[in-house]
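In the numbering used here, the protein residues as written are 5 to 746. Beta carbons are placed, not taken as given, at the ideal position from N, Cα and C, and that holds for glycine.
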């Protein structure tokens, strides 16, 4: 049965539709907002997976036909997912995963296709609405409808689902997902906003979420599939009782170790001993015994924190682990920092490049190609956790963590116009025991300082955790990997002393109320300020001098009419400057020339060549250059590369000159003064103006006109003439006639 409903949301048309597309899927939905459309399709397996976790897969695909484009490159079809698709996948996955029932292990796949893109409205939040509707329409045991919105703030006013153009003027961008009662996921960045601002944004978002959920509910009330039957496997009660009684004291004793690997070894040794003992009485229940032992570990850690306030490494709820910082560790890197917090360590480097190093992006959200001059790449090798696992390229997690850290730093960087460098940060996680993405933020900020990047302020990040049982809860600062695994929340907050620049929240329970989030944000601020204090002790401000191995960049503004002169035929001139000096040159359509070179001498030499090549002659100035040719009426002198003027025979010297070659010959270098420039751009030069008049020399009489030769010697205003070129207008040599870019 096809259903279609339409209403206005955030000032634009919103359409929900089911029953027309992908009817053989377990559930499907089409969402349209403006002219952006997303198709969501859900499938679920009838068989329970043997895997020890819930096998959920989300695939998000932006079809290039959605924007009337054909993929670039040799292969003309969509290939591996790009970063934006992966980030959208993660937003949807993290929003829906906690709302499946505990113990459900049937494989679920969610497919999302962006099939129309109006280049105004982002499709990711539409995909979240479509996923919720498709799951609830299907037989999958999904808890309840959820929805997602994007929140911006423009000139103090909150905007739901702002357009791409509006986001350019927003000081905050949060993607928020939630149910009718609570928030389940937050992701976004901001320009140093306060904790109160973030809470207010969440309130605005939740109001919009409730409206979207009510809209979905109207569709669901008209018909949906019956939910599939499934049952959670429960160990026998007597087994649970016996294993718990024996395991609780042993695991409690083993779990309190400051060192991660010692704790894991102690807990695993206790589990192994207990499992072997119980297999004698329950030989057919190995999986159940392991499950109960896992529950004991889970409950022991949580109970200890809630009852005593003591964490497994001995810290209190608000304590941050010990921090050590080593800056400038790598002599040839432009900036580097080794940031260590407890057993989490990141080696973070900054590399400065030129405009030629920007990342070029072709997206369905933009009509043309866009560029990106700042990027942060996060790497998480297996040795960072002491594991052996296959390397299969950059993971979704690495892309997500890199994006979070990139957002944290982006808002405090100087504009490209003021600091015209492409900046690439690489964070190599060398050790991990929780919060490696926030270590990347701290190390990234320090490496930028070490590279001499004039940032607005230092940035630090901290990961917050939550243990919640009923109404009793504890918020934890700077969580360990164990606390992340066994806790209910991973809430990462990064920012400066003045405010938040990046935020991400994932939960494992069905939702959080705003009071807990408000408290977590306040506690995160305390932790962040502590970390910033430690960072400021190590490096309080950007270094005054950049690395000697970093390129120096200067800009020269030239007339747009001179761009063709600089580039030359097929780029010959600009390549010649680069080859001769070793500098790198780029020029934009406005005539802004960017010169980059590792050595200052090479940069200055290139700048001088550009200025000479593109300078505009000034009347009254003196120039020196070669005589390019001689004629009966004077000599043509090149005063700048590609720019010539005429020294009329009467301006060669004081007194009468019968023949030009009596004074100058082709190839001579002479000094001349620019005495006039006519309306056609022709230059009148004088050598005589630079020579004092001889004493007693009478005033010169006007020269009688010469007899015409061949096509003649046409007279110029003021007595000048032209080179014999068939009587045509020569203009300035070197493109003065509007050659333009080649």
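Counting only runs of 4 or more residues that sit fully inside the stretch 449-518, the alpha helix (DSSP H) segments are 485-490, in chain order. The stretch 130-143 makes contact with the stretch 33-47: 3 or more CB pairs, one atom from each, lie closer than 8 Å. Residue 639 is bridged by DSSP to 634 and 651. For residue 382, the enclosing beta strand (DSSP E) begins and ends at 378-383. Classified as exposed, residue 333 has fewer than 16 neighbouring CB atoms from the shown chains inside 10 Å of its CB. Rounded to the nearest whole angstrom, the CA to CA distance from residue 521 to residue 592 is 47 Å. With respect to the C-alpha of residue 390, the residue from 672, 268 and 278 having the closest C-alpha is 268. Residue 17 and residue 121 have their C-alpha atoms roughly 14 Å apart.
Between the stretch 159-176 and the stretch 192-204, the count of Cβ pairs shorter than 8 Å is three or higher; the stretches touch. When the Cα atoms are used, residue 487 and residue 102 turn out to be separated by approximately 17 Å.
Collapsing the DSSP output to three states places residue 691 in coil.
Looking at the DSSP output, residue 169 bridges to nothing. Rounded to the nearest whole angstrom, the C-alpha separation of residue 695 and residue 657 is 8 Å. Closest by C-alpha distance to residue 471, out of 392, 461, 495 and 457, is 495.
Residue 558 places its beta carbon 9 Å or farther from that of residue 498. A Cβ-Cβ separation of about 4 Å places residue 439 in contact with residue 467 under the 8 Å criterion.
In the structure shown, residue 413 falls within a helical segment according to DSSP collapsed to helix, strand and coil. Here residue 317 has 262 and 484 as same chain residues with Cβ atoms under 7 Å from its own Cβ, once five neighbours each way along the sequence are excluded. Within the same chain, Cβ atoms closer than 7 Å to the Cβ of residue 234 are found at 108, 110 and 145, the five residues on either side in sequence being excluded.
Residue pairing by DSSP places residue 66 opposite 118 in a beta bridge. For the set 683, 579 and 447, the Cα lying nearest the Cα of residue 348 is the one of 447. No residue range can be given for residue 437, since it is assigned to no beta strand (DSSP E) and is classified by DSSP as neither H nor E.
In the DSSP annotation of this structure, the continuous segment of the beta strand (DSSP E) that includes residue 189 starts and ends at 187-197. Secondary structure at residue 289: coil, using DSSP grouped into helix, strand and coil. Distance from residue 461 to residue 441 at the Cβ level is roughly 20 Å; contact not present, criterion being Cβ atoms closer than 8 Å. In this structure, the beta-carbon distance from residue 41 to residue 119 falls below 9 Å.
When the five nearest sequence neighbours on each side are left out, the beta carbons in the same chain lying within less than 7 Å of the beta carbon of residue 359 are those of 424, 426, 590 and 598, in order along the chain.
Inside the stretch 209-235, DSSP marks no whole beta strand (DSSP E) run of 3 or more residues. The count of Cβ pairs closer than 8 Å, one atom from the stretch 391-398 and one from the stretch 91-101, stays below three, leaving the stretches out of contact. Here the stretch 510-528 lies against the stretch 176-192, with 3 or more beta-carbon pairs under 8 Å apart. Counting C-beta pairs closer than 8 Å gives three or more between the stretch 540-551 and the stretch 447-458, which meets the contact rule. The Cβ atoms of residue 648 and residue 617 lie no closer than 9 Å to each other. Under DSSP, residue 349 shares a beta bridge with 344 and 435. For residue 407, the secondary structure class from DSSP, reduced to helix, strand or coil, is helix.
A Cβ-Cβ separation of about 36 Å leaves residue 304 out of contact with residue 411 under the 8 Å criterion. Distances from the alpha-carbon of residue 59 to those of 105, 287 and 258 put 105 closest.
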